[in-house]
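Undergrad: Residue numbers (the numbering used here), protein chains in the order written: chain X, 35 to 390; chain F, 76 to 510. A virtual CB, placed ideally from N, CA and C, is assigned to each residue, including glycine.
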Ligand SMILES: [Zn+2]
Ligand SMILES: [Zn+2]
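1. Just how far apart, CA to CA, sit residue 301 (chain F) and residue 486 (chain F)?
2. Nearer than 6 Å: is that true of the beta carbon of residue 103 (chain X) relative to any heavy atom of ligand 2?
3. What does residue 373 (chain F) touch in chain X if you count any residue whose Cβ is under 7 Å from its own?
4. With distances taken from CA atoms, which of F:285, F:271 and F:249 is nearest residue 261 (chain F)?
5. In its own chain, which residues sit with a C-beta less than 8 Å from the C-beta of residue 368 (chain X), not counting the 5 before and 5 after it?
6. Relative to the C-alpha of residue 304 (chain X), which candidate in X:48, X:269 and X:226 has its C-alpha closest?
7. Pull out every residue of the region 116-132 of chain X whose Cβ sits closer than 9 Å to any Cβ of chain F, in chain order.
8. Does any residue of chain X have a CB that is nearer than 7 Å to the CB of residue 161 (chain F)?
9. So, do the region 230-238 of chain F and the region 287-299 of chain F have three or more beta carbon pairs nearer to each other than 8 Å?
10. For residue 97 (chain X), decide whether its Cβ has a neighbour in chain F, counting only Cβ atoms nearer than 7 Å.
11. Mind checking the region 307-329 of chain F against chain X and listing, in chain order, the residues whose C-beta falls within less than 9 Å of any C-beta there?
12. Using beta carbons (cut-off 7 Å, strictly below), is residue 369 (chain F) in contact with chain X?
13. Determine the chain F residues that contact residue 355 (chain X) at a beta-carbon separation under 7 Å, and present them in chain order.
14. Which same chain residues end up closer than 7 Å to residue 120 (chain X) when comparing Cβ atoms and leaving out the 5 residues on each side of it in sequence?
15. Using the beta-carbon of each residue, which ones in chain X are nearer than 9 Å to residue 410 (chain F)?
16. Buried or exposed for residue 411 (chain F), going by 16 or more other Cβ atoms inside 10 Å?
17. Ligand 2 and residue 86 (chain X): does the residue's C-beta get closer than 6 Å to at least one heavy atom of that ligand?
18. Is it the case that the CB of residue 89 (chain X) approaches a heavy atom of ligand 2 more closely than 6 Å?
19. Helix, strand or coil for residue 159 (chain F) per DSSP?
20. Closest by CA to residue 328 (chain X), which one among X:72, X:157, X:275 and X:342?
21. Report yes if the CB atom of residue 355 (chain F) is closer than 7 Å to the CB atom of residue 429 (chain F), and no otherwise.
22. Output the distance between the C-alpha atoms of residue 145 (chain F) and residue 478 (chain F), rounded to the nearest integer angstrom.
23. Can you tell me the Cα-Cα spacing of residue 449 (chain F) and residue 492 (chain F), whole angstroms?
24. Just the C-alpha distance for residue 187 (chain F) and residue 502 (chain F), rounded to the nearest angstrom, thanks.
25. What in chain X is Cβ-close to residue 345 (chain F), meaning under 7 Å?
26. Taking C-beta to C-beta, are residue 190 (chain X) and residue 229 (chain X) nearer than 7 Å?
27. With a threshold of 6 Å on Cβ separation, who are the neighbours of residue 460 (chain F) within its own chain once the five nearest residues in sequence on each side are excluded?
28. To the nearest angstrom, report how far apart residue 386 (chain X) and residue 151 (chain X) are at their CA atoms.
29. Assess contact between the region 201-216 of chain X and the region 284-300 of chain X, defined as three or more Cβ pairs (one per stretch) separated by less than 8 Å. Is contact present?
30. Could you please give the first and the last residue of the uninterrupted beta strand (DSSP E) stretch that includes residue 401 (chain F)?
31. Output the distance between the C-alpha atoms of residue 407 (chain F) and residue 239 (chain X), rounded to the nearest integer angstrom.
32. Mind checking which residues open and close the alpha helix (DSSP H) that includes residue 144 (chain F)?
33. Give the residues of chain X in contact with residue 405 (chain F), contact being defined as C-beta atoms less than 7 Å apart.
34. Quick one: residues in its chain with C-beta nearer than 6 Å to the C-beta of residue 224 (chain F), no 5 flanking neighbours on either side, listed in chain order?
35. Sorted by chain position, which residues of the same chain lie with C-beta nearer than 7 Å to residue 160 (chain F)'s C-beta, five sequence neighbours on each side aside?
Here it is, written out as structure tokens:
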């Protein structure tokens, strides 16, 4: 799996009138006689083929006019990959919901990779707009600040605040407030900085046994009950309220208090960032490693990230796909001996958390 | 182009199918919001009134008198400019007014002449309904671009031609005009008149008391004058691998349209739904699709309301709607039956139970009659169809509403049996106390 994504699939051109395949240089459609003039309204159009029957008759509503299959919407299944396998992610609608309300953004910065995963809150209006605005805003803010030399934790707080503003701006009124969760990670040599609001998660999967761990703590009713000592983890998870989140981004959120932490990481290993559509099925880091190793025969960091993200998404779908599922994977190689891109936050203390 | 009414198509369904599920049901509501008359020119229309003048119409004589008065009121209800004629039917058909083809335009003078001609009618001879319809069809010939509507009144059975002769005429007339049928008295046959009305996309009803004819004819003519577009088609597209199982009108009455399909385009068939004014009707569409993987979403049917093209007008799509299918392994989703699908499925079964029950009663099979009518009592109650419930109670005594036990009544008025039979297909849109 390489970086030349998007070009593997040849562009097929078709007649603008009857959608029959046409070839470069043809002046008229062989099927219907339509004149094909690239300089006017009768230029050949890019053909879309049905994912079910390969017919080229996809209507404006997104249904195949031959077999009726609804074509995947842009966000139904999204794959993102950075060049040279630096990071990749997959987001999928799942099997139960009619649209994908998760959003995924991955971008390189000069010292590593920034990843953001957001999960729209289903009970709010237009949750898919909230998650998209939050993910796009946060990743752009992170990359700008990090490239400017800002330290990762400051960049993280600013990015989450801006994402919160962007989501709040979508609201018509406090009663009509789109909202979402957010988890962001900045992967730099030797350290991973995570920031989150809500119950989307990040994990560190270590190559060595016992080194794996979860990097986030959910803002959820279940986590709060466990933290208070009121319930055991098993009791809390079994409760109907378990997945009610206690913090989110949106105009109706109280003061947003993101958690920001930096974890030193000793490669090799991989960072996994995901929505609850994955971790509902695979809550423990060791389970994530097992799925990757069982399917690929390789340790987590050795599985190409797009393949790794795809395997984990596939697992969630095979297990029922009850929710939208989004997974990003950032492989972290053996700590390089000589890293010539000095990192702005290489001297951050091991683990800090400063609400606000 | 004259301004047409606005049409909307609304689809009500549960799109979720269980793993392996293949039957998709939907209620398609078509609504037309008048508007044609406001300021714009009224649609071209032709109206033919057919009254039975066979000998039996003079037993008692008040029957013919009532029919004449009703036809006169219908003529008076025609708006100016509508092309019309009045036919008297017995062993054959005679033009009462005008004296010969073609149809004449309604105005004060022609309406008066028609009234006078009607007043001179005498009863005599037999009943050959096919010949009456054939004459109406010839008269409508020159008016195929506009609204074509007929009213047919009879008091007897079609005794003076063979069923094959009638069927041949119905086949010829189907799609050429809409015909509302009325049976006066109790000596006509419900199934026969229902067949005629059904073939000609019209209603059928009983007017047991001749005194009620005037009001009924007036209402029918007013409704006909309210039509703004003729020959509307319900076009149903289905995926290559799917098939339409049935298309039924379910509101205002149950009418199976499945056999009326005319192939219209690749993977699409047209079901004729007649002329429309400001009104709404519901259709139950059932499509069979090949099962697909959980999560797959399909357009199981694409409903288009189509006005077919004519010599000087291109085909028009008036409104569209999607019937969807999506497979899920969540039984909470897939087992939920759409309430409107259930409501109309029950009423279609109700019509069938009544017709079967009455047929068994007629044939002397009292066990079957009791069982079917007991089922009908329960279905009418479930649907909240109070009109049918009260008609049923004139034919059966409900012994125990809880268990649905009924007993056939003795000494039932024939008019009550015929009313129940004739109106068995009439549906209600919602249950009591809903919407
Ligand atoms: Zn062509
Ligand atoms: Zn297809």
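TA: A quick look at the data gives this:
1. Between residue 301 (chain F) and residue 486 (chain F), the C-alpha separation is close to 42 Å.
2. Yes, Cβ of residue 103 (chain X) sits closer than 6 Å to a heavy atom of ligand 2.
3. Residues of chain X with a Cβ closer than 7 Å to the Cβ of residue 373 (chain F) are, in chain order, 102, 103 and 104.
4. Closest option to residue 261 (chain F), judged by alpha-carbon separation, among F:285, F:271 and F:249: F:285.
5. Taken in chain order, the residues that qualify are 301 and 302.
6. Ranking X:48, X:269 and X:226 by Cα distance to residue 304 (chain X) puts X:226 first.
7. Residues 127, 128, 129, 130 and 132.
8. Not closer than 7 Å to any Cβ of chain X, the Cβ of residue 161 (chain F) fails to qualify, so no.
9. The region 230-238 of chain F, when compared against the region 287-299 of chain F, does not touch it at the 8 Å Cβ threshold.
10. For residue 97 (chain X), the answer is yes, since a Cβ of chain F falls inside 7 Å of its Cβ.
11. Residues passing the 9 Å Cβ filter: 312, 313, 314, 315, 316 and 317.
12. For residue 369 (chain F), the nearest beta carbon of chain X is closer than 7 Å to its own beta carbon.
13. The contacting residues are 370.
14. Listed in chain order, the non-local C-beta contacts of residue 120 (chain X) below 7 Å within the same chain comprise 142 and 147, local neighbours out to five positions each way being set aside.
15. What residue 410 (chain F) touches in chain X: nothing, since even the nearest Cβ is about 15 Å away.
16. Under this definition residue 411 (chain F) is an exposed residue.
17. Closer than 6 Å to some heavy atom of ligand 2: that describes the Cβ of residue 86 (chain X).
18. With a cutoff of 6 Å, residue 89 (chain X) counts as near ligand 2, since its C-beta is closer than that to a heavy atom of the ligand.
19. The answer is strand: DSSP assigns residue 159 (chain F) an E or B state.
20. Of the listed residues, the one whose Cα sits closest to residue 328 (chain X) is X:342.
21. Cβ distance not < 7 Å, so residue 355 (chain F) and residue 429 (chain F) don't count as in contact.
22. Rounded to whole angstroms, residue 145 (chain F) to residue 478 (chain F) spans 45 Å at the Cα level.
23. The alpha-carbon of residue 449 (chain F) is positioned some 15 Å away from that of residue 492 (chain F).
24. Between the C-alpha atoms of residue 187 (chain F) and residue 502 (chain F) there is a straight-line separation of about 39 Å.
25. Here the premise fails: no neighbours, minimum Cβ distance about 17 Å.
26. If you check the CB distance, residue 190 (chain X) and residue 229 (chain X) come in under 7 Å.
27. These residues qualify, in order along the chain: 503.
28. Any answer about residue 386 (chain X) is weak, because its pLDDT of 41 lies below 50 and its placement is not dependable; what the coordinates show is given next. Taking the straight line joining both Cα atoms gives about 22 Å.
29. A contact exists between the region 201-216 of chain X and the region 284-300 of chain X.
30. Start and end: 391-402.
31. One C-alpha to the other measures close to 37 Å.
32. 136-152 is the span of the alpha helix (DSSP H), which, as asked, contains residue 144 (chain F).
33. Going along chain X in sequence order, the residues near residue 405 (chain F) (Cβ under 7 Å) are 130.
34. Taken in chain order, the residues that qualify are 122, 253 and 299.
35. In its chain, beyond the 5 residues on either side, 123, 170, 172, 173, 178 and 214 have a beta carbon closer than 7 Å to the beta carbon of residue 160 (chain F).
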